[in-house]
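Participant: Pasting a structure here, questions to come.
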Amino acid sequence: MQGVWPVSEIRAAERRVLAGLPDGALMARAARAVTVEAVGMLGFSYGARVVLLVGPGDNGGDALYAGAELSRRGVAVRAVLADPAKAHPGGLAALRAAGGRQVTLAEAGPHDLIVDGLLGIGARGPVRESFVPLVRWSLNSAAPVLSVDIASGVDPDTGAVAGPAVRAATTLCMGALKAGLLVGQGRVHTGRLRLIDLGLAPELPEPRLHRLERADLVGDLRLPAPGPRDDKYTRGVVGVAAGSQAYPGAAQLCVGAARLGGVGAVRYAGHAAAEVVRRWPEVIVSDSVYRAGRVQAWVLGPGLGDTGEAVESLRQVLASEVAVVIDADGLNLLVERRELLAERTEATVLTPHDREFERLFGEIGEDRISAVRRAAADTGATVLLKGFATIVAEPSGHCYLNPVGAAALATAGSGDVLAGLIGSLLAAGLRPGLAAATGAYLHAAAGARAAAAGPVVAGDLLGALREEIGALREEIGALRAGTGEPCETTGQPRGV
18 MQGVWPVSEI
28 RAAERRVLAG
38 LPDGALMARA
48 ARAVTVEAVG
58 MLGFSYGARV
68 VLLVGPGDNG
78 GDALYAGAEL
88 SRRGVAVRAV
98 LADPAKAHPG
108 GLAALRAAGG
118 RQVTLAEAGP
128 HDLIVDGLLG
138 IGARGPVRES
148 FVPLVRWSLN
158 SAAPVLSVDI
168 ASGVDPDTGA
178 VAGPAVRAAT
188 TLCMGALKAG
198 LLVGQGRVHT
208 GRLRLIDLGL
218 APELPEPRLH
228 RLERADLVGD
238 LRLPAPGPRD
248 DKYTRGVVGV
258 AAGSQAYPGA
268 AQLCVGAARL
278 GGVGAVRYAG
288 HAAAEVVRRW
298 PEVIVSDSVY
308 RAGRVQAWVL
318 GPGLGDTGEA
328 VESLRQVLAS
338 EVAVVIDADG
348 LNLLVERREL
358 LAERTEATVL
368 TPHDREFERL
378 FGEIGEDRIS
388 AVRRAAADTG
398 ATVLLKGFAT
408 IVAEPSGHCY
418 LNPVGAAALA
428 TAGSGDVLAG
438 LIGSLLAAGL
448 RPGLAAATGA
458 YLHAAAGARA
468 AAAGPVVAGD
478 LLGALREEIG
488 ALREEIGALR
498 AGTGEPCETT
508 GQPRGV
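Residue numbers for the sequence shown follow my numbering, so the first one is 18 and each next one is one higher.
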């Protein structure tokens, strides 16, 4: 997993690193990275045309030094200075010496690439008025934008955008990941994200925020899978209390996903048993939570309704001594019954979208990470806030960010699939925060896979999810084959 840090901690690390380096060394590394990325985005250098949007800070200096190097490679570089009196003097001198030109916005002319060096991670709030014409010009240009460290106009800690902001095709994040690149509107404005190592790692504290990566699911956080001594009970059993006569499809979707998270069996409790068994004949069914039998985790809520029976199911599930996932109608039932969470002794995972979150916890505001952390601390539950950039917060305050965004998941029933998958991962043995984060990753990856074939409805996610998990297990198998680690099916190293 990649660590993500607040700006205050990154700035402190930069100061300690700079103290041991010659003047300009860190800026030279950053400028070199910008140069290489710019040439890669252009596909050529000699004869290319690049416009630099230059602010007064170190980001402006990075852009100017990169412009000087691009000029030496035969690129026609023009620099538009947002505040000429405060431009980095060394960078501006280097650009001029290499043949680059300082111009006004009206003189920028035709261009193949824009380098955004207007504002860095010290900026907060709306872009200052004098910078707005440059930002709007970049938004109206057909050329791609390469942002230095962060797209100008994006809050580096929250991802909030207050007014015009640059939309980058690529952002080079310098030194360490900032949350604003990964959440909120910042996620959209960042484009393709590349982290540039500036040697800060030894000076950074242990992060309380991580971005989950595919390599984690193949490596240390491997998906639950059967071993040679497993049976259906040792693999875990997940219970699903979902659906109703009015919403039987929610039960089918939730159960369908619960089958795929590594458990040996699924128990369904509710009034859509006939529809569930018709589609998934391996599922064990009953008409109530009370008679469902033993499970290692419960999923409750999708399509459950707001009847007295639904309330009683919520009470029974939350009174159980197993992990519980609460979604959809279950969250709505909790709004007036928050005390049920305080009585919990086992793990609880809440999976709201924005409106459900605000009914339970109040306004989210611009700082989504802080809002989710507060909700987790107040309830003692792991809270997953859905969205294009899903956030998972544990009661301890540790958070996970999902790197995969799939807009196609904004479709009815998609959340039912996610809830069932997380419950299955919990029953199969993952701890709550990782179960939620892993479920969010797989769900989004399945959404992206399904979207590649056309418009997505929730039912498509089940097949795509099975394919995604299968692909991951193939990658895990290949990794184990290279290490001689025993495989799942034989207990022997592959090839033996």
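The beta-carbon is built from N, C-alpha and C at its ideal position, and this holds for glycine as well.
With C-beta atoms as the reference, is Leu163 less than 8 angstroms away from Asp129?
Facilitator: No; because the gap between Cβ atoms is not below 8 angstroms, this pair is not in contact.
Participant: DSSP has Val403 in a bridge; who is on the other side?
Facilitator: The sequence shown places Lys at residue 403, not Val. BP columns for Lys403 are empty, so no partner.
Participant: Locate the beta strand (DSSP E) running through Arg66, then write down its first and last residues.
Facilitator: Arg66 to Val71 is the extent of the beta strand (DSSP E) around Arg66.
Participant: What residues match up with Met191 in a beta bridge as DSSP calls it?
Facilitator: Paired residue(s): Ile213.
Participant: Note down the Cα distance separating Gln313 from Gly430, rounded to an integer number of angstroms.
Facilitator: Straight-line Cα distance between these residues: approximately 24 angstroms.
Participant: Could you name the residues that DSSP lists as bridge partners for Cys416?
Facilitator: Note: Cys416 sits in a beta bridge opposite Leu226 and Ala410.
Participant: Excluding the 5 residues flanking Val342 on each side, which residues of the same chain have their C-beta closer than 6 angstroms to its C-beta?
Facilitator: Closer than 6 angstroms at the Cβ level, and outside the excluded window around Val342, lie Val316, Val366, Ala436, Ile439 and Gly440.
Participant: Please report the residue range of the alpha helix (DSSP H) in which Val53 lies.
Facilitator: Where Val53 is concerned, the enclosing alpha helix (DSSP H) stretches over Ala42 to Leu59.
Participant: In or out: Phe148 buried (at least 16 other Cβ within 10 Å) or exposed?
Facilitator: When all chains shown are included, Phe148 counts as buried.
Participant: Compute the beta-carbon to beta-carbon distance between Ala208 and Ala185, rounded to the nearest angstrom, for a pair I have assumed lies under 8 angstroms.
Facilitator: Here residue 208 turns out to be Gly, not Ala, going by the sequence shown. Rounded, the Cβ-Cβ distance is 4 angstroms, consistent with contact.
Participant: What is the DSSP secondary structure of Trp297, counted as helix, strand or coil?
Facilitator: Coil, per DSSP.
Participant: Enumerated in chain order, which unbroken segments of the alpha helix (DSSP H) with a length of 4 residues or greater are wholly contained in the segment 314-395?
Facilitator: Segments of the alpha helix (DSSP H) lying fully in the segment 314-395: 325-336, 346-351, 356-359 and 371-378.
Participant: With 16 as the cutoff for other CB atoms within 10 Å, does Pro241 come out buried or exposed?
Facilitator: So Pro241 counts as buried.
Participant: Of all the options Gly74, Pro161 and Leu226, which has the alpha carbon lying nearest to the alpha carbon of Gly20?
Facilitator: Cα-wise, what sits closest to Gly20 is Leu226.
Participant: Using the Cα positions of Ala48 and Gly108, report the straight-line distance between them to the nearest angstrom.
Facilitator: C-alpha separation (whole angstroms): 10 angstroms.
Participant: Which whole-angstrom value is the C-beta distance of Ala282 and Val257, which I expect to be below 8 angstroms?
Facilitator: That pair is no contact at about 11 angstroms.
Participant: On the three-state DSSP scale, how would you describe Leu163?
Facilitator: Three-state result, Leu163: strand.
Participant: So is Gln262 buried or exposed if we call it buried at 16+ other beta carbons inside 10 Å?
Facilitator: Gln262 should be labelled exposed.
Participant: Within 10 angstroms of its Cβ, does Val474 collect 16 or more other Cβ (buried), or is it exposed?
Facilitator: Per the 10 Å Cβ criterion, exposed.
Participant: Suppose you measure from the CA of Pro101 to the CA of Pro143; what does that come to, to the nearest Å?
Facilitator: Near 21 angstroms, if we compare the C-alpha coordinates of Pro143 and Pro101.
Participant: Spatial neighbours of Asp384 within its chain, please: C-beta separation below 6 angstroms, excluding the five flanking residues on both sides.
Facilitator: The answer, listed in chain order, is Thr175.
Participant: For Leu217 versus Gly192, is the C-beta distance shorter than 8 angstroms?
Facilitator: For Leu217 and Gly192, yes; Cβs fall inside 8 angstroms.
Participant: Just to confirm before moving on: does the CB-CB distance between Leu69 and Leu81 stay below 8 angstroms?
Facilitator: Their beta carbons are under 8 angstroms apart, which means Leu69 touches Leu81 by this criterion.
Participant: Give a yes or no on contact between the segment 302-309 and the segment 411-428, applying the rule of three or more CB pairs nearer than 8 angstroms.
Facilitator: With the cut-off at 8 angstroms, the segment 302-309 and the segment 411-428 do not touch.
Participant: Taking the beta carbon of Thr399 as the centre, do at least 16 other beta carbons fall within 10 Å, making it buried, or is it exposed?
Facilitator: The residue in question, Thr399, is buried, as its Cβ has 16 or more Cβ neighbours within 10 Å.
Participant: Using a Cβ-Cβ cutoff of less than 7 angstroms, which residues in the same chain neighbour Leu210 once the five nearest sequence positions on both sides are dropped?
Facilitator: Thr188, Cys190 and Leu198.
Participant: Where does Arg95 sit, in a helix, a strand or coil, going by DSSP?
Facilitator: If DSSP states are grouped into helix, strand and coil, Arg95 belongs with the strands.
Participant: Leaving out five residues on either side along the sequence, give the residues of the same chain with a beta carbon under 6 angstroms from the beta carbon of Arg296.
Facilitator: Correct list, in chain order: Gln269.
Participant: Roughly how many whole angstroms lie between the Cα atoms of Ala160 and Val24?
Facilitator: Taking the straight line joining both Cα atoms gives about 30 angstroms.
Participant: Start and end of the alpha helix (DSSP H) containing Gly77?
Facilitator: Unbroken alpha helix (DSSP H) run through Gly77: Asp75 to Arg89.
Participant: Compute the beta-carbon to beta-carbon distance between Leu482 and Ala463, rounded to the nearest angstrom, for a pair I have assumed lies under 8 angstroms.
Facilitator: Their Cβ separation, rounded to whole angstroms, is 4 angstroms, which keeps Leu482 and Ala463 in contact under 8 angstroms.
Participant: Compute the Euclidean distance between the alpha carbons of Gly266 and Gly320, then round it to the nearest angstrom.
Facilitator: Gly266 and Gly320: Cα-Cα distance of roughly 8 angstroms.
Participant: In whole angstroms, what separates the C-alpha of Ala465 from that of Glu492?
Facilitator: Rounded to the nearest angstrom, the two C-alpha atoms are 19 angstroms apart.
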